[in-house]
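Here the structure is laid out as structure tokens; the discussion comes afterwards.
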Amino acid sequence: MASEIKQGTLELVNHLPILQVITPMLIAPILVVLNNKTLSWLLSFVGALACLFISILLIQAVSDGSILTYYLGGWVPPIGIEYRIDAVSAILLFLISIISAIVLIFSYSSLHAEIPEEKHTLFYSCFLLCLTGLLGVVATADIFNVFVFLEISSLSTYVLVAQGAFLDRRALSASFNYLIMGTIGATFFVIGIGYIYMATGSLNMMDIAERVNQFGDNRTIQAGFAFIVVGMGLKLAMVPLHVWLPNAYTFAPTVVTCFLAATATKVALYVLIRFVFSVFNYEDIFVNELFFLLLMPLAVIAMIAASVIAIFKQNLKKLLAYSSLAQIGYMLLGLSLMSQKGLASSLVHMVNHGFTKAALFMSLGAFMLNTKNVYIKSLSGLGKSMPFTSAAFVIGGLSLIGVPGTAGFISKWLLLEAALETGYWLVAILIIASSLFAVIYVWKIIEVLYFSESSESYNEVSVLTLMPIWILALFCIFLGINTSLTVDVAIMATEILFK
Amino acid sequence: MKHHLILKVITKFMVGVIVLFGLYVQFHGDYSPGGGFQAGVIIAAAFILYGIVMGLENVQKVMPIWFAQKAAALGVLVYALTGVFSIIFGFEFLNYHAISPEHPKHGQHYGIILVELGVGITVTFVMIAIYYSFAGRTPRLDDKEW
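Taken in sequence, the protein lines are chains A and B.
For what it's worth, my numbering labels the leading residue of the first sequence as 1, then goes sequentially.
For what it's worth, my numbering labels the leading residue of the second sequence as 500, then goes sequentially.
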């Protein structure tokens, strides 16, 4: 036991990795016990702000390339569970925390329109549990712990998606679909963990990484890796395994859609990156071939096909959901290039797309407060009656396309550079083609917003609703101009991963 | 189920025994097979049995829905606060040495009892809540249909 040396000597600062995860976990049951809906919102918001504060402290602590470790219960790994924060996880923790805080501001006004009031307490409780799960997946360095947190977040996500049923009963079947697919994914993932444990006898990532190197070509480990790739492929909606995503995003309450679109799939992708680089050997031929032969074609198909499908969708939430699939394609592509720049582009795109998609879904949510649905026809002329929301939507749309000056440009540029650097110029052309499709579907919406006459006139939404939307929209611009927070940290993160 | 006299009498007798056995499993969990999860399921089984035989209304008089919900959350709190207790005293989260720094072994013992208690409470009431939400949905069977 480690604590014999440092008994009772830990300062609060040493506890940051665990505080990041348990802050929302502690608040969730308190909400249920208190059972007061205004207080629930306030406490969740305070909790999310605390998480954000902690994640900023963590980014500062790891920005010089150092790694924070934390032994749960004082048990030294590989026996005990270890929490390990490096630059890669710090970016993700920051993304998840800030999105949750912004989304909670929005939920104050939008939740009343979508969910009956007596459910609000339980909703916020579930939301915090989901947050706990996502943060935990990123913070931990124990592969079984990853599975546990992944399930905490997924199970609460199924509940959150089903809450859309008060507006549209189809949310129930969407949630059930997601439940089945997500559970299959989790099962594959845990089978993979089982194989790895069988071969190496360890669950700690660093420990496994050492042992895997000694094995060389081992079928058990390769099978485990394949299972994990498929399991995570389901969770992150890799293209043939994506069928749960469009409906889940379409019928979930806006708050949930924003939060999931910005965080959940990214966390699954993070797990995949973690496994490739920190657990397995990325130079291994098997890993490389799997990524080159399997993931890269799938990523390209996702980029093109999902963008084309998005063009024809009339329900805007569904349109954006398909566009999310395409963006996940970009991230997977960056990863499958297996180069430092490719991975950096993947990480930066996670953050940039998180803000972009959250801004877009949230402004759709604001439209929905007035129009009650998000079919493209009902948005006609809203550019005049809801100028601020529409302007935010346009900024998000530009960032989605990747117009210079917005966040989307930075990550797409990095991805293009990475593709050209590694010699996949055909892939680079396809990236541009996919961006052109994005121009089409974003323009389709902008045209309806600004260049068609409206039959009804609506009032602009309240300032409290506009605030979170504009925070996100400004982030889309800020991250397009100032890249020190994303690109610099991501490049440093990739240096840690490609050690 | 008015005429199932034997079932009712036996149930009334068994409920106490089941809860007692549940508590035994709960508090011996740290040095014999068992623990919070198993104990929680056993104790919940007592309530579920009572509900099946005496009817949903009667068991909900003993154990209202709101209580099951809040108690389930309280169990999680007991677990989490045990961990926070260690943090406050300068140990790692869930390091039970904090409970009795002079006698680390005792600390470990008390710590695991507390944590298992939290698990037990949560599992008990979650099981009951699950039973309630399933039982509350189905159309009630009439006595004639038996």
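All C-beta atoms, glycine included, are put in the ideal place defined by N, C-alpha and C.
This one's a predicted model, so the numbers in the text were calculated from it and none came from an experiment.
Output, in sequence order along the chain, the residues in the segment 167-189 of chain A whose CB is closer than 7 Å to any CB in chain B.
Within the segment 167-189 of chain A, no residue has a Cβ that lies closer than 7 Å to any Cβ of chain B.
Counting only Cβ-Cβ distances shorter than 9 Å, please list the residues of the segment 580-601 of chain B near chain A, keeping chain order.
Answer in chain order: Leu580, Gly582, Val583, Ser585, Ile586, Phe588, Gly589, Phe590, Glu591, Phe592, Leu593, Asn594, Tyr595, His596, Ala597, Pro600.
Rounded C-alpha distance that separates B/Phe546 from B/Val514
Within the model, the alpha-carbon separation for B/Phe546 versus B/Val514 is close to 7 Å.
Buried or exposed, going by whether 16 or more other CB atoms sit within 10 Å of the CB of A/Pro24?
Buried, because 16 or more other Cβ atoms sit within 10 Å of the Cβ of A/Pro24.
Please state whether the Cβ-Cβ distance between B/Glu615 and B/Asp529 is less than 8 Å.
Yes, the Cβ-Cβ distance between B/Glu615 and B/Asp529 is below 8 Å.
Chain-ordered neighbours of A/Met25 on chain B, where CB pairs are closer than 7 Å:
Within chain B, the C-beta atoms nearer than 7 Å to that of A/Met25 come from Ala579, in chain order.
According to DSSP, residues forming a beta bridge with A/Asn204
Answer by DSSP bridge pairing, in chain order: A/Asp142.
When you measure from the CB of A/Ser100 to every non-hydrogen atom of the ligand ZN, does any distance come out below 7 Å?
In the structure shown, the ligand ZN is absent, as is every other ligand, since no ligand is present at all.
C-beta neighbour in chain B for A/Leu464, strict 8 Å:
It does not; no Cβ of chain B falls within 8 Å.
Inter-residue CB distance, A/Ala87 and A/Leu52 (contact presumed, cutoff 8 Å)
No, A/Ala87 and A/Leu52 are not in contact; Cβ-Cβ is about 18 Å, not under 8 Å.
Going by CA-CA distance only, name the one from A/Leu245, A/Gly354, A/Lys499 that's closest to A/Ser173.
Of the listed residues, the one whose Cα sits closest to A/Ser173 is A/Leu245.
Looking at chain A, which residues of the segment 556-575 of chain B have a Cβ within less than 7 Å of any of its Cβ atoms?
Residues passing the 7 Å Cβ filter: Gln568, Lys569, Ala572, Leu573, Val575.
If you run the structure through DSSP and keep just helix, strand and coil, what is A/Leu68?
A/Leu68: strand per DSSP, three-state reduction.
What's the C-alpha gap between A/Tyr249 and A/Arg170?
Cα to Cα, A/Tyr249 sits roughly 11 Å from A/Arg170.
Distance between A/Met386 and A/Ser323 (C-alpha atoms, nearest Å):
Taking the straight line joining both Cα atoms gives about 24 Å.
Beta-carbon proximity check, A/Val212 vs A/Asn281, cutoff 8 Å:
A/Asn281 is positioned such that its CB atom lies closer than 8 Å to that of A/Val212.
Residues in the segment 49-73 of chain A having any Cβ partner in chain B nearer than 8 Å
Residues Tyr70, Tyr71, Leu72, Gly73.
Can you tell me the Cβ-Cβ gap for A/Glu494 and A/Gln314, rounded? I've got them flagged as a contact below 8 Å.
According to the sequence displayed, residue 494 of chain A carries Thr and not Glu. Contact annotation, A/Thr494 with A/Gln314: C-beta distance approximately 40 Å; criterion of less than 8 Å not satisfied.
In the DSSP assignment, find the unbroken beta strand (DSSP E) run with A/Arg84 in it and report its ends.
Here the beta strand (DSSP E) through A/Arg84 covers 82-85.
Within a Cβ cutoff of 7 Å, which residues of the same chain sit near A/Lys318, ignoring the five residues on either side of it in sequence?
Once the five neighbours on either side are set aside, the close Cβ partners of A/Lys318 are Pro246, Thr250.
Segments assigned alpha helix (DSSP H), at least 4 residues, entirely inside the segment 406-469 of chain A
Unbroken alpha helix (DSSP H) stretches of 4 residues or longer found wholly inside the segment 406-469 of chain A: 407-421, 425-451, given in chain order.
Burial state of A/Val427 (16 or more Cβ within 10 Å):
Under the 10 Å beta carbon count, A/Val427 is surrounded by 16 or more other beta carbons and is classified as buried.
Less than 8 Å between the beta carbons of A/Met303 and A/Tyr330, yes or no?
Yes, they are a contact pair.
Tell me whether A/Asn352 is buried or exposed, calling it buried when 16 or more other Cβ atoms sit within 10 Å of its Cβ.
With 16 or more neighbouring CB atoms inside 10 Å of its own CB, A/Asn352 falls in the buried class.
For B/Ser632, count neighbouring C-beta atoms within 10 Å of its own C-beta (all shown protein chains included) and say buried if the count is 16 or more, exposed if not.
Exposed is the call here.
Going along the chain, which unbroken runs of the alpha helix (DSSP H) with 4 or more residues stay wholly within the segment 265-343 of chain A?
Every alpha helix (DSSP H) of 4 residues or more that sits fully in the segment 265-343 of chain A is shown, in chain order, as 265-274, 285-289, 296-301, 307-311, 316-336.
How would you call A/Leu436, buried or exposed, if buried means at least 16 neighbouring beta carbons within 10 angstroms?
When all chains shown are included, A/Leu436 counts as exposed.
Give me the Cα-Cα distance between B/His503 and B/Ala572, rounded to the nearest whole angstrom.
For B/His503 and B/Ala572, the distance between alpha carbons rounds to 36 Å.
Assuming A/Trp442 contacts A/Ile401 under a Cβ cut-off of 8 Å, what Cβ separation, rounded to an integer in Å, is found between them?
For the sequence presented, residue 442 of chain A should be read as Val rather than Trp. With a contact defined as Cβ atoms closer than 8 Å, A/Val442 and A/Ile401 qualify at about 6 Å.
Which residue comes first and which comes last in the alpha helix (DSSP H) that contains B/Val508?
Residues 504-526.
Exposure label - A/Phe291; buried when at least 16 CB within 10 Å
Buried.
May I ask you to report which of helix, strand or coil DSSP gives A/Ser3?
In this predicted model, A/Ser3 has a pLDDT of only 43, less than 50, meaning its place in the structure is not dependable enough to derive any value.
Range covered by the alpha helix (DSSP H) that runs through A/Glu117
For A/Glu117, there is no enclosing alpha helix (DSSP H), since its DSSP letter is neither H nor E.
May I ask which residues mark the beginning and end of the alpha helix (DSSP H) holding B/Met562?
Secondary structure note for B/Met562: it is in no alpha helix (DSSP H), with a DSSP letter that is neither H nor E.
Residues of chain B with CB closer than 9 Å to the CB of A/Pro297, please, in chain order.
Going along chain B, no residue has its Cβ under 9 Å from A/Pro297, so there is no contact; the nearest lies around 44 Å.
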